[in-house]
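Below: one structure, written as structure tokens.
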Amino acid sequence: MNPPEPHRPMVSVVIPAFNEAGYLPDHLPTVLDSLRTWEKDSGHQGEVIVVDNASTDDTAALAAGLGARVVAEPVRGIGRARNTGAAAAHGRFLVFIDADVLFPIEGIADAVAAMDSGCSVGGAIPPHYAPTKRATRLLFAMWALMRRFKGGAQGVTQFCTRDAFAALGGYEAEMYMSEDVEFFARLTRYGRNVGRPIVYLSHLRVIPSPRRFETWPSWRMIWWTNPVVAQLAPRSRRFWNRWYDKTVR
């Protein structure tokens with residue numbers, strides 16, 4: 000690793016959040032613990048930025064109270080929120096994590112090591128779901144089959160160098176669905192072109208909340224989250240209105 004730069008974060012963790020007051024107390028500390036463990040072992044500094052994406056609950060206050068830096072993005076959209084966090088970040092490595100994710104203690108250290116080695120422009124940590132519904136298990140099997148043949152990674156945890164993020168122009172702010180898959184596809188091509196391919200930290204897992212999958216009726220969950228529908232009209236705010244405005248919290 001390069002020697003630490005005093006008072007300047009080496010890695011910035013960006014967490015987009017809309018009305019996540021019910022999840023941050025349990026989930027954000029796992030990210031902070033991972034960052035602090037890496038800071039202690041490496042001698043470098045990092046930061047966690049929670050992007051309050053027009054929340055109407057105590058998301059911002061809770062995030063600040065737990066130790067994150069809070070920035071505001073008033074226009075709803077997860078891609079836009081991630082870009083706002085990246086613009087506010089100081090680190091040369093960026094890690095994007097969803098607000099309802101339990102994060103492994105080794106996650107920050109291993110992501111930074113992959114990028115700081117100069118061998119990779121970024122990558123992802125796969126999710127681990129433990130659904131109880133048969134329909135949900137079928138849905139995850141569909142996604143697994145798609146990733147097996149097409150590659151890709153979900154936005155629950157993605158990471159990249161700042162240089163790669165800038166070269167790609169960040170996430171597509173006008174995409175309301177599959178912006179994470181689209182970004183990762185571009186990151187994968189970019190890494191291949193510059194000779195620093197993406198990496199999957201497959202020895203680790205993040206654990207996302209199953210709130211939508213377990214709470215929604217099976218038909219609704221399958222309709223809105225299957226690989227085919229997820230790529231329909233991704234830039235239509237109207238089409239994805241129910242996902243954004245009437246989702247499970």
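Going by numbering that gives the first Met the number 0, the first residue of the sequence shown is number 0, and it counts up by one from there. Here a beta-carbon is modelled for each residue, glycine too, at the ideal position from N, C-alpha and C. Since this is a predicted model, take the numbers as computed values, not measurements.
With distances taken from CA atoms, which of the options is nearest residue i?
{"i": "Val9", "options": "Val47, Arg136, Ala184, Ile124", "result": "Residue 9 is actually Met in this sequence, not Val. Measuring from the Cα of Met9, the nearest candidate turns out to be Val47."}
{"i": "Pro24", "options": "Ala166, Gln157, Asp57, Arg210", "result": "Asp57"}
{"i": "Ser11", "options": "Arg81, Gly21, Phe17", "result": "Arg81"}
{"i": "Tyr189", "options": "Glu171, Gly121, Ser41, Ala88", "result": "Gly121"}
{"i": "Asn192", "options": "Val70, Ala16, Trp37, Cys118", "result": "Cys118"}
{"i": "Phe92", "options": "Arg75, Leu101, Met114", "result": "Met114"}
{"i": "Leu34", "options": "Val180, Asp179, Ser177, Ile104", "result": "Ile104"}
{"i": "Asp51", "options": "Gln44, His43, Ala60", "result": "Ala60"}
{"i": "Phe17", "options": "Val49, Leu138, Ser116", "result": "Val49"}
{"i": "Trp215", "options": "Lys132, Ile197, Val111, Gln153", "result": "Lys132"}
{"i": "Arg195", "options": "Asp162, His89, Tyr22", "result": "Asp162"}
According to DSSP, residue i sits in a beta bridge with which residue or residues?
{"i": "Glu46", "result": "Ser11"}
{"i": "Cys118", "result": "The partner list for Cys118 (beta bridge, DSSP) is empty, contrary to what the question assumes."}
{"i": "Asp51", "result": "Ala16, Ala71"}
{"i": "Pro207", "result": "Val100"}
{"i": "Thr36", "result": "Answer is none; Thr36 lacks a bridge partner."}
{"i": "Ala325", "result": "Because the chain in this structure spans residues 0 to 248, residue 325 falls outside the shown range and cannot be described."}
Assuming the contact rule is C-beta atoms closer than 8 angstroms, residue i and residue j should be a hit. Round their C-beta distance to whole Å, please.
{"i": "Ala165", "j": "Arg79", "result": "Going by Cβ atoms, the distance from Ala165 to Arg79 rounds to 17 angstroms, so no, they are not a contact pair."}
{"i": "Thr83", "j": "Glu72", "result": "4 angstroms"}
{"i": "Val205", "j": "Thr135", "result": "About 17 angstroms; that fails the 8 angstroms criterion."}
{"i": "Asp109", "j": "Leu167", "result": "About 22 angstroms; that fails the 8 angstroms criterion."}
{"i": "Phe158", "j": "Tyr170", "result": "The Cβ separation is near 13 angstroms, so there is no contact."}
Would you give the residue range spanned by the beta strand (DSSP E) that residue i belongs to?
{"i": "Val94", "result": "92–96"}
Starting from residue i, trace the alpha helix (DSSP H) in both directions and tell me its first and last residue.
{"i": "Thr187", "result": "178–193"}
{"i": "Thr160", "result": "Thr160 -> not in any alpha helix (DSSP H); beta strand (DSSP E) instead, spanning 156–160."}
{"i": "Ala172", "result": "No alpha helix (DSSP H) holds Ala172; DSSP gives it neither H nor E."}
{"i": "Ala62", "result": "58–65"}
{"i": "Gly76", "result": "Where Gly76 is concerned, there is no enclosing alpha helix (DSSP H), given that its DSSP letter is neither H nor E."}
Does the distance between the C-beta of residue i and the nearest non-hydrogen atom of the ligand PLP fall short of 7 angstroms?
{"i": "Gly76", "result": "No copy of the ligand PLP occurs in the structure displayed, which carries no ligand at all."}
Between residue i and chain B, is any beta-carbon pair separated by less than 8 angstroms?
{"i": "Val47", "result": "Chain labels in this structure do not include chain B; a single protein chain is all it has."}
At least 3 beta-carbon pairs within less than 8 angstroms: the region 84–104 vs the region 15–32: In short, these stretches touch, since the Cβ pair count reaches three.
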